[in-house]
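**Student:** Residue numbers (our numbering): 1314 to 1540.
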Amino acid sequence: MNDSSSTCFELAILAKAPLPGLCKTRLIPRLGAAGAAALQGWLLERAVATAVTADIGPVSLWCAPDESHPAFRHCRAFGDVRLLPQSHGDLGARMHAAVAASRMPGGTLIIGTDCPVLTPRLIRQVAAALGRHDAVIVPAEDGGYVLIALRRAHPRLFADIDWSTDRVMAQTRERLSELGLDWNETAPLWDVDRPEDFDRLAEHIPTVRSVLVVAEQGGNSSCFRAP
C-alpha cells in the first residue's frame, strides 16, 4: 500500500451484473440489450481494476442481484476483491449498508461502475482529503456524483434522495449541511448512461470501438464485447 493511504480505507463498488435487460437500460436503444450488458461488463472490469490499482485498502464489490455471476468472480483476478450481495432497498439504503459494513479506520469510499474516467490517482487524492474532512465527493456533470467518501456512516445522508435525477448532488449538499458535516468536492467527472455518453466514451478511449461488434438483430441491436 502506498504511503499516502497508510491510514487504510475501504473502497466499496456497487455494481449490477452484466445481464441483458438489467443494466444500462438507457443504452439499449443504441446498443441492444446484449450490447448494453456487455458494456456493463467492460465498465465493471475497468472500475475494479481502477480500485485495486489505487491501493488505498481493501476492495469490496457489492453485487446485484447477487454475487454468483461469472463476471463478478472474474473480477477477483485483478486482486484481493471481496464479493458481497447488495442489500435490499433503494440506492441510498444500499450505499449506507456498504459504509456501515466497513471497519477500516480511515473511512469508506463508494463508487459505481459508470465513470470510466475515474483514476487511481484521484481515488488516492480523495482518500487523503478524507483525513481533513468528514466527507469528500466527486460530482458528476449530470447532477449526481460518481464517488462519495465518508469517515463514518450517516443514515440520514442517503435517505429521501431523488436518485437518478439531476437533483442528487444538490440534495446531498443540503443533507450534509443539515448534518453539520464538513465536506470537500473535486472537479466533476462524467459517466456513461445515455447514447451521447457512449459516443463520448468512444472518443475518449478509441479502443472501445474495437470491442463493439455490430450484429444486426431485428435491424437495431448490437453486441458489445468486453476485452
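Heads up, the beta-carbon is just placed ideally off N, CA and C, and yes, glycines get one too.
1) Using the Cα positions of valine 1394 and histidine 1387, report the straight-line distance between them to the nearest angstrom.
2) Could you check what DSSP says for cysteine 1376 in three-state terms: helix, strand or coil?
3) Check each candidate in Gly1348, Thr1421 and Ala1414 and name the one with the smallest Cα separation from cysteine 1321.
4) Measure the alpha-carbon distance for serine 1381 versus alanine 1411 and round it to whole angstroms.
5) On a CA-only basis, which of Ile1474, Pro1383 and Val1451 is nearest isoleucine 1424? Give me that one, please.
6) Can you tell me which of Leu1443, Ala1328 and Ala1453 puts its alpha carbon nearest to the alpha carbon of aspartate 1379?
7) So what does DSSP say about alanine 1328, is it helix, strand or coil?
8) Can the beta-carbon of aspartate 1403 be found less than 8 Å from the beta-carbon of valine 1505?
9) When you compare each of Arg1434, Arg1339 and Gly1456 to threonine 1366 by their alpha carbons, which one comes out closest?
**Tutor:** Considering the structure as presented:
1) 10 Å
2) strand
3) Thr1421
4) 18 Å
5) Val1451
6) Ala1328
7) strand
8) no
9) Arg1434
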